[in-house]
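Novice:
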Amino acid sequence: MEEVIAADVAANLASVRSRIEAAARAAGRPSGEVALVAVSKTHPAAGVRAALACGQRLFGENRVQEALEKYPDLRLEFPDLKLHLIGPLQTNKIREAVAHFDVIETVDRPRLAEALAREMERCGRRPTCLIEVNTGEEPQKAGAAPAAADAFIADCRDRLGLPVAGLMCIPPAEDEPALHFALLREIARRNGLAVLSMGMSADYEIAIRFGATHVRVGTAVFGSRGGPVQA
Ligand SMILES: *Cc1c(COP(=O)(O)O)cnc(C)c1O
Numbered sequence: 028m029e030e031v032i033a034a035d036v037a038a039n040l041a042s043v044r045s046r047i048e049a050a051a052r053a054a055g056r057p058s059g060e061v062a063l064v065a066v067s068k069t070h071p072a073a074g075v076r077a078a079l080a081c082g083q084r085l086f087g088e089n090r091v092q093e094a095l096e097k098y099p100d101l102r103l104e105f106p107d108l109k110l111h112l113i114g115p116l117q118t119n120k121i122r123e124a125v126a127h128f129d130v131i132e133t134v135d136r137p138r139l140a141e142a143l144a145r146e147m148e149r150c151g152r153r154p155t156c157l158i159e160v161n162t163g164e165e166p167q168k169a170g171a172a173p174a175a176a177d178a179f180i181a182d183c184r185d186r187l188g189l190p191v192a193g194l195m196c197i198p199p200a201e202d203e204p205a206l207h208f209a210l211l212r213e214i215a216r217r218n219g220l221a222v223l224s225m226g227m228s229a230d231y232e233i234a235i236r237f238g239a240t241h242v243r244v245g246t247a248v249f250g251s252r253g254g255p256v257q258a
């Protein structure tokens with residue numbers, strides 16, 4: 028695991044924040060409308076602590092198990108810390124996911140939605156849900172197909188009563204992301220959903236131009252995964 032240099036995380040975070048502000052301003056949006064989800068997957072708790080010291084409170088992890096190893100102690104210390112699940116959720120991890128995350132961004136299939144609804148009913152905790160849309164229709168990627176998204180959203184909200192706040196997507200690496208962000212925005216608009224989680228280190232400024240309310244940024248905050256922290 029790489030050495031975490033708190034000063035680097037602080038400098039990276041300041042830079043990402045100012046770029047978010049500039050992108051929001053350029054899009055004619057108040058910068059308070061765009062939340063930074065700092066993606067800490069593969070990075071040690073020390074990196075998260077460095078970000079917490081800079082006032083960052085919103086974090087994303089893509090594996091339930093890794094989040095459980097890293098976050099419970101930090102949460103006790105920082106009760107206002109919020110954790111987003113941004114990776115695929117297996118049905119055998121639902122209980123832990125509902126217990127430990129504040130937002131589940133990857134509701135991607137009916138069986139998962141049904142199991143989430145049952146678990147929320149059982150335990151009384153109701154993390155906010157985002158529906159993942161496979162905007163690139165990539166066979167290997169999770170998410171509802173764009174053509175099936177309206178029906179899936181309606182099913183999650185109306186039949187299952189899930190607290191659906193919005194949508195998320197991960198565009199194909201080789202595509203122009205703007206097309207995917209525009210598509211996600213349109214699906215959210217026609218379904219009356221306010222939250223748009225889109226944009227990563229390479230393209231979060233473009234996502235902000237297309238209406239992102241949450242950008243999920245890992246590398247640009249914590250450095251490359253498995254390598255030294257980079258500016
Ligand atoms: C890892 C990850 C990110 C952050 O990616 P970076 O390119 O490091 O910013 C965002 N979203 C998801 C779903 C991820 O898995």
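So the sequence shown is residues 28 to 258, counted in our numbering. For glycine and all other residues, C-beta sits at the position ideal for the given N, C-alpha and C.
Kindly list the residues whose CB is nearer than 6 angstroms to the CB of residue 58, restricted to its own chain and excluding five residues on each side of it in sequence; keep chain order.
Specialist: One-based indexing of the sequence shown puts residue 58 at position 31. Cβ neighbours of residue 58 beyond the five flanking positions: 48, 51.
Novice: Which partner residues of residue 244 appear in the DSSP bridge assignment?
Specialist: Residue 244 sits at position 217 when you count from the first residue of the sequence shown. Answer by DSSP bridge pairing, in chain order: 65.
Novice: Count the other CB atoms, across all protein chains shown, that sit within 10 Å of the CB of residue 150; report buried if there are 16 or more and exposed otherwise.
Specialist: Residue numbering aside, residue 150 sits at position 123 when the sequence shown is read from its first letter. By the 10 Å Cβ count, residue 150 comes out exposed.
Novice: What span of residues does the beta strand (DSSP E) with residue 224 cover, start to end?
Specialist: The residue labelled residue 224 in the question sits at position 197 within the sequence shown. Its beta strand (DSSP E) spans residues 222–224.
Novice: Pairs of beta-carbons, one from the segment 227–237 and one from the segment 121–140, closer than 8 angstroms: are there three or more?
Specialist: Cβ pair count under 8 angstroms is below three, so no.
Novice: Given residue 111, which residues of its chain have a CB within under 6 angstroms of its CB, disregarding the five upstream and five downstream residues?
Specialist: Translated into the one-based positions of the sequence shown, residue 111 becomes position 84. Within the same chain, residue 111 has close Cβ partners 64, 87, 130, 132.
Novice: Please report how far the alpha carbon of residue 290 lies from the alpha carbon of residue 61, in whole angstroms.
Specialist: Past the boundaries of the shown model lies residue 290; the chain is included only from 28 to 258, so the question cannot be answered.
Novice: Enumerate, from N- to C-terminal direction, the unbroken beta strand (DSSP E) stretches of 3 or more residues contained entirely within the segment 81–167.
Specialist: DSSP runs (the beta strand (DSSP E)) wholly in the segment 81–167: 85–88, 109–112, 130–134, 155–159.
Novice: Let's see if you can read the secondary structure: which residues bound the alpha helix (DSSP H) around residue 259?
Specialist: No statement about residue 259 is possible, as the shown extent of the chain runs from 28 to 258 and does not include it.
Novice: Pull up the distance between the alpha-carbon of residue 36 and that of residue 242, whole angstroms please.
Specialist: Taking the sequence shown and counting its residues from 1, one reaches residue 36 at position 9. Taking the sequence shown and counting its residues from 1, one reaches residue 242 at position 215. Residue 36 and residue 242: Cα-Cα distance of roughly 17 angstroms.
Novice: Less than 8 angstroms between the beta carbons of residue 239 and residue 225, yes or no?
Specialist: Position 212 of the sequence shown holds residue 239. Position 198 of the sequence shown holds residue 225. Yes, these two residues count as a Cβ contact at 8 angstroms.
Novice: In angstroms, rounded to a whole number, what distance separates the CA positions of residue 223 and residue 191?
Specialist: As a first step, residue 223 must be located in the sequence shown, where it is residue number 196. As a first step, residue 191 must be located in the sequence shown, where it is residue number 164. Whole-angstrom Cα-Cα distance: 12 angstroms.
Novice: Enumerate in chain order the residues of its own chain whose CB-to-CB distance from residue 66 is below 7 angstroms, with the five nearest sequence positions on each side excluded.
Specialist: In the sequence shown, the residue the question calls residue 66 occupies position 39. Excluding sequence neighbours, residue 66 sits near 87, 113, 243, 244, 245.
Novice: Beta-carbon separation of residue 194 and residue 235 under 8 angstroms?
Specialist: Along the sequence shown, one-based indexing puts residue 194 at 167. Along the sequence shown, one-based indexing puts residue 235 at 208. No, they are not a contact pair.
Novice: Decide if residue 212 is buried, meaning its Cβ has at least 16 other Cβ atoms within 10 Å, or exposed.
Specialist: Numbered from its first residue, the sequence shown carries residue 212 at position 185. With 16 or more other Cβ atoms within 10 Å, it is buried.
Novice: Count the other C-beta atoms from every protein chain shown that fall within 10 angstroms of the C-beta of residue 80, then say buried if there are 16 or more, exposed otherwise.
Specialist: Here residue 80 refers to the residue found at position 53 of the sequence shown. It counts as exposed.
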